[in-house]
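Residue numbers (the working numbering): 209 to 395.
This is the structure:
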């Protein structure tokens, strides 16, 4: 009988627990300061066919080719190598100067602990809502974590947070003013 407790499992579970605790709003203090920079936080919510495995392709992972054997990835698909393991989708080459200058980062394979109904749509809401109730379910509030963060930043206006697209994002829903833009049908 094989021992179910291994050093690798212990390290992986400890890392997962530590990351979950660090990301918990109850344990993570928020400090905002007026910094003399022009930095921006850009959050891109991918919906539909262009997922994270397509945008930032982990072509160096041998499992990718096995799991998606009918597709090409990395430089064989015209993608831009980022670091020998990840490649950027060919349509996103205009982002390379930002990547090369150290002004762009990707949070790849980000997930939440939500596993209730294994519903893709509930999981999306959980990610955009950014919280849960004491029983582990989605919070009843229908606002988004980004809108709640705006309430902590002095001097925000509707131009501080901006969405592009026709769909209202839960991420930006809430009391703070936000703006949105959607291309017309002629584009």
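No residue lacks a Cβ here, since even glycine has one placed at the ideal position from N, Cα and C. The structure displayed is predicted, hence computed values, not measured ones.
For residue 284, does the three-state DSSP call read helix, strand or coil?
Of the three classes helix, strand and coil, the one that applies to residue 284 here is helix, per DSSP.
Kindly list the residues whose CB is nearer than 7 angstroms to the CB of residue 364, restricted to its own chain and excluding five residues on each side of it in sequence; keep chain order.
The answer, listed in chain order, is 358, 384.
Determine the contact status of residue 304 and residue 296, defining contact as a CB-CB distance below 8 angstroms.
Yes; because the gap between Cβ atoms is below 8 angstroms, this pair is in contact.
Which ranges does the alpha helix (DSSP H) cover as unbroken runs of at least 4 residues, wholly within the segment 345 to 374, from first to last along the chain?
Counting only runs of 4 or more, we get 353 to 358.
Please report how far the alpha carbon of residue 367 lies from the alpha carbon of residue 316, in whole angstroms.
For residue 367 and residue 316, the distance between alpha carbons rounds to 28 angstroms.
If you reduce the DSSP assignment to three classes, tell me which class residue 309 lands in.
Coil.
Taking the Cβ atom as the reference point for each residue, do residue 378 and residue 251 lie within a distance shorter than 8 angstroms?
The answer is no: Cβ separation not under 8 angstroms.
Quick one: what's residue 289 bridged to in DSSP?
Residue 289 pairs with 295.
What is the rounded straight-line gap between the Cα of residue 240 and the Cα of residue 280?
Residue confidence is low: residue 240 scores 48 on pLDDT, short of 50, so the model does not pin down where it sits. Its coordinate-derived value is still stated next. One C-alpha to the other measures close to 43 angstroms.
Measure the CB-CB distance between residue 372 and residue 389 and report whether it falls below 8 angstroms.
Result yes, Cβ atoms of residue 372 and residue 389 sit closer than 8 angstroms.
Which of the three DSSP states is assigned to residue 253 in this structure?
In the structure shown, residue 253 sits in coil (DSSP, three-state: anything other than H, G, I, E or B).
Go ahead and pull the three-state DSSP assignment for residue 318.
Residue state, collapsed to three classes: coil.
From this set, 376, 283, 309, 264, which residue's C-alpha is nearest residue 336's C-alpha?
Considering only alpha carbons, the answer is 376.
Report the rounded CA-to-CA distance for residue 275 versus residue 262, giving the unit in angstroms.
Distance between the alpha carbons of residue 275 and residue 262: 13 angstroms.
Return helix, strand or coil for residue 386, following the three-state DSSP convention.
It is coil, neither helix nor strand.
Assign residue 338 to one of two classes, buried (16 or more other C-beta atoms within 10 Å of its C-beta) or exposed (fewer than that).
By the 10 Å Cβ count, residue 338 comes out buried.
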